[in-house]
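So in our numbering, spot 18 of the sequence shown is number 110, and the numbers just go up one at a time.
Virtual Cβ for every residue (Gly too), placed ideally from N, Cα, C.
Quick caveat: nothing in here was measured; it's all calculated off a predicted structure.
Everything below concerns the one structure shown next.
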Amino acid sequence: MLAEANTTVEAVINLHVPDEVLVERISGRRVHSASGRSYHV
């Protein structure tokens, strides 16, 4: 895919996040249907 776009990877970020935090963030997410914006409640 990168070769097709004639580009390379400049940097990589690796985040270590506990599963509990990920589940909390995903389950607290709401999407506004008219604008498509997502909100964390």
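Boundaries (first-last residue) of the alpha helix (DSSP H) holding residue i
| i | result |
| --- | --- |
| S119 | D111 to S119 |
Residue i vs residue j beta-carbon contact at 8 Å
| i | j | result |
| --- | --- | --- |
| L94 | V101 | yes |
| V109 | G120 | no |
Residue interval of the beta strand (DSSP E) (run including residue i)
| i | result |
| --- | --- |
| S130 | S130 to H132 |
Contacts around residue i, its chain only, beta-carbon distance under 6 Å, and the 5 residues preceding and following it disregarded
| i | result |
| --- | --- |
| Y131 | R122 |
| V115 | none |
8 Å CB neighbourhood of residue i in its chain, flanking five on each side removed
| i | result |
| --- | --- |
| R129 | V123 |
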